[in-house]
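Reading through the structure tokens given below for one structure.
In this note's numbering, the protein residues as written are 5 to 121.
So this is what it looks like as structure tokens:
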């Protein structure tokens with residue numbers, strides 16, 4: 005999937021993936037692409053191309069990896085949310101930090117970072 009039909013030699017797929025992830029993990033502006041390009045000696049266009057291919061691959065896989073929890077898992081999560089002090093809210097977003105305006109009453113230090121308000 006990290007190949008094209010041209011005669012140009014391609015970078016190793018793991019490097020293409022690393023470059024694409026660097027791009028996706030940045031703030032996405034042209035300056036960041038330029039920094040990545042200068043760091044690795046690669047053109048802005050190549051980074052854009054690798055990033056677009058990564059997104060295409062992820063979009064093809066989305067129905068396999070993004071799934072709604074089964075009913076039993078939903079019940080377990082609901083019970084945990086009720087017990088941990090977040091009733092009525094959706095709190096599970098994998099890998100994302102959501103700034104809170106105040107410390108939760110239960111285990112607040114695990115959820116609240118005053119520097120991220």
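For every residue, glycine included, the Cβ atom is placed at its ideal position computed from N, Cα and C.
Compute the distance between the beta-carbons of residue 52 and residue 63, then report whether it is under 8 Å. no
Let me know the secondary structure DSSP gives residue 57 once reduced to three states. helix
Span of the alpha helix (DSSP H) holding residue 17? 17-28
Compute the beta-carbon to beta-carbon distance between residue 65 and residue 24, rounded to the nearest angstrom, for a pair I have assumed lies under 8 Å. Actually they are not in contact, since the Cβ atoms of residue 65 and residue 24 sit about 14 Å apart, beyond 8 Å.
Would the beta-carbon of residue 54 fall within 8 Å of that of residue 20? yes
Excluding sequence positions up to five away, which residues of its chain have a Cβ less than 6 Å from the Cβ of residue 88? 110
So, for residue 47: in the same chain, excluding its five sequence neighbours on each side, which residues have a beta-carbon less than 7 Å away from its beta-carbon? 41
Output needed for residue 26: all residues of its chain with C-beta closer than 6 Å, excluding positions within five of it in sequence on either side, in chain order. 40
Do residue 73 and residue 81 have their CB atoms nearer than 8 Å? yes
Rounded to whole angstroms, what's the CA-CA distance from residue 108 to residue 79? Just pull it up for me. 22 Å
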